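Residue numbers (our numbering): 69 to 561.
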Ligand code: SF4
Ligand code: SF4
């Protein structure tokens, strides 16, 4: 039996209580999203809980500790869940630097390269790259952890700006507190580039959609032919020189049938430090991309790729970002970095909060003018969280969702502050799988008894050998990494 056969029930007057009943393994899980507690029940325990929550039996039929946990009224989310909203510019700790929106590739589903709009023909100069680092990351309080992401198009088409920005960070006072990530197709990673990236502790995240035949289906070189060979050569070069590596794979309707199998083979071959599965494509215009998979396929893909990564002990970004709050007993406020405090500096030198809005300049202003007042969306997006949304309070994915992508909501629903029901379906189905996985690990805990409250250590079983404490950010922080390996001086000098 699979997790698809799990029965999910909610009960009148108990908005934060979710009951999952299954027959293989036999039993039930009660999940309370307000106190972040779970109780594993034997089949008989599950029947008792169902009767109490349906008000067909007195709560006194349950042991007092279980009754307190399951049937006590909710008083809403605690302060620790509601008090984490971004409040102003001082909360900005992430800079996306986009030196160009050009790319050597012409991937069938790419939104950025095909719709450059106001950014077409612009490239950031090295000085503009350094200024962006100062203006954006320089506002974070001293000692605060911060992240520079080099993004495109293909950022390595403007190597002088990429190198200048990296050196500027590494020569600055906050170097030890700054993670740097390069998101690239890998084609331009030659020996010299790889040495530079490794010496400056740049995490390299490559886009590779699977084994060669799967990857090449939609990831074509603009000049013609598949891009797999060039990308994998760049990957191997960066890894050979000591870079920490990640692989992001995007699933489409053209590749969905063999995707998980292909993803697993890719991980076996490349053994990255991190991986991720992209199941939601940003629309080019209104309406879903023709390559967008269904929410059922997206769910199966997230779970299947995670299980492959878990078997190999490899951090899976999309799933671990949901599982970490579940395991830690906390609440995820934002899934969107733009909501959480990221600033993007686009090729024409303007700054905004989402790279996908740079083409039409929505919420983009000259870098030096970027402020709470000048960019109205900066503060309105900060309020976009399921944790502050009444309709989300009774959702089983409340603690793990984060609300998805504001740009996609803007395109699909005409309002960036709404939540896309398509994404909700995926999140809710993943929680259903999670409850099945939890009971599969813990069915022995209720042998000979009816109830067992799940501990944090037991929740961590869903992660296998993956550690999330060190890897909540897109990469391990250099501050931690430096303990294992001495970070060198800036190699480009
Ligand atoms: S709106 Fe979407 S694409 Fe833009 S920063 Fe947020 S999650 Fe990313
Ligand atoms: S899945 Fe949808 S309904 Fe549930 S918390 Fe997220 S946005 Fe809200």
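Positions of the beta carbon are idealized from the N, C-alpha and C atoms, including for glycine.
Keep in mind the model is a prediction, meaning the values are calculated, not measured.
My understanding is that residue i touches residue j, with C-beta atoms under 8 Å, so please give their C-beta distance in whole angstroms.
i: residue 376; j: residue 335; result: 6 Å
i: residue 221; j: residue 166; result: 7 Å
i: residue 188; j: residue 224; result: Contact flag wrong, Cβ pair sits at about 19 Å.
i: residue 163; j: residue 103; result: Between residue 103 and residue 163 the Cβ distance is about 37 Å, and since that is not below 8 Å, they are no contact.
i: residue 322; j: residue 285; result: 5 Å
i: residue 346; j: residue 317; result: 7 Å
i: residue 395; j: residue 528; result: 5 Å
i: residue 397; j: residue 524; result: 6 Å
i: residue 378; j: residue 532; result: 4 Å
i: residue 218; j: residue 250; result: 5 Å
i: residue 201; j: residue 237; result: 6 Å
i: residue 78; j: residue 462; result: 6 Å
Run the CB neighbour count on residue i, radius 10 Å, all protein chains shown included, and call it buried at 16 or more, exposed below.
i: residue 389; result: buried
i: residue 539; result: Any reading at residue 539 must be qualified, since the residue scores a pLDDT of 40, below 50, and its modelled position is unreliable; no value is offered.
i: residue 453; result: buried
i: residue 423; result: buried
i: residue 161; result: buried
i: residue 427; result: buried
i: residue 73; result: exposed
i: residue 199; result: buried
i: residue 151; result: exposed
i: residue 440; result: exposed
i: residue 444; result: exposed
i: residue 342; result: buried
i: residue 340; result: buried
i: residue 170; result: buried
i: residue 129; result: exposed
i: residue 400; result: buried
i: residue 419; result: buried
i: residue 410; result: buried
i: residue 358; result: exposed
i: residue 332; result: buried
Between which two residues does the beta strand (DSSP E) carrying residue i extend?
i: residue 164; result: 162-165
i: residue 218; result: 214-218
Per DSSP, residue i forms a beta bridge with which residues?
i: residue 100; result: 85 and 105
i: residue 318; result: 346
i: residue 91; result: 94
i: residue 273; result: 251 and 314
i: residue 418; result: 434
i: residue 60; result: Not covered by the structure: residue 60. The range shown for the chain is 69 to 561.
i: residue 181; result: Answer is none; residue 181 lacks a bridge partner.
i: residue 246; result: 214
Ends of the alpha helix (DSSP H) at residue i?
i: residue 395; result: 385-396
i: residue 372; result: 363-380
i: residue 327; result: 327-338
i: residue 231; result: 227-238
i: residue 76; result: That residue, residue 76, is in no alpha helix (DSSP H); its beta strand (DSSP E) goes 75-79.
i: residue 261; result: 259-267
i: residue 520; result: Run containing residue 520: none in the alpha helix (DSSP H); it sits in the beta strand (DSSP E), 519-521.
i: residue 494; result: 489-510
i: residue 412; result: Residue 412 -> not in any alpha helix (DSSP H); beta strand (DSSP E) instead, spanning 410-413.
i: residue 157; result: No alpha helix (DSSP H) holds residue 157; DSSP gives it neither H nor E.
i: residue 359; result: Taken as a continuous stretch (DSSP letters only), residue 359 belongs to no alpha helix (DSSP H), as it is neither H nor E.
i: residue 150; result: 147-150
i: residue 525; result: 524-527
i: residue 306; result: 296-308
i: residue 202; result: 194-204
i: residue 120; result: 111-121
i: residue 477; result: 474-481
i: residue 136; result: 132-139
i: residue 447; result: 444-450
Would you say residue i reaches chain C, if we count a Cβ-Cβ gap shorter than 7 Å as a contact?
i: residue 514; result: No chain C is part of this structure, which consists of one protein chain only.
| Just checking, does the stretch 462-476 make contact with the stretch 401-413 on the three C-beta pairs under 8 Å criterion? | The stretch 462-476, when compared against the stretch 401-413, does touch it at the 8 Å Cβ threshold.
| query | Do the stretch 457-470 and the stretch 200-213 touch if we need at least three Cβ pairs shorter than 8 Å? | reply | The stretch 457-470 is not in contact with the stretch 200-213.
| field | Meets three-Cβ-pair contact criterion under 8 Å: the stretch 479-494 and the stretch 114-132 | value | Flag = no, the stretch 479-494 and the stretch 114-132 do not touch.
| So, do the stretch 272-286 and the stretch 294-312 have three or more beta carbon pairs nearer to each other than 8 Å? | Output reads yes: the stretch 294-312 touches the stretch 272-286.
| said: Three or more C-beta pairs under 8 Å: does that hold for the stretch 303-311 against the stretch 260-269? | reply: Touching, per the Cβ criterion.
| field | Three-pair Cβ contact test at 8 Å for the stretch 237-247 versus the stretch 277-292 | value | The answer is no - the stretch 277-292 does not touch the stretch 237-247, with fewer than three Cβ pairs under 8 Å.
| So, do the stretch 106-116 and the stretch 503-522 have three or more beta carbon pairs nearer to each other than 8 Å? | Result yes; three or more Cβ-Cβ pairs closer than 8 Å.
| At least three beta-carbon pairs within less than 8 Å, the stretch 360-369 to the stretch 492-499 | Contact between the stretch 360-369 and the stretch 492-499 is present: three or more C-beta pairs spanning the two stretches fall below 8 Å.
| message | Below 8 Å, how does it come out for the stretch 180-195 and the stretch 226-234: are there three or more Cβ pairs, yes or no? | response | Touching, yes, given that three or more Cβ pairs across the two stretches are closer than 8 Å.
| Counting pairs of Cβ atoms below 8 Å between the stretch 499-506 and the stretch 74-88, do you hit three or more? | Judged by Cβ distances under 8 Å, the stretch 499-506 makes contact with the stretch 74-88, as three or more pairs qualify.
| message | I want to know whether the stretch 121-140 touches the stretch 178-186 - three or more CB-CB distances under 8 Å. | response | Touching, no.
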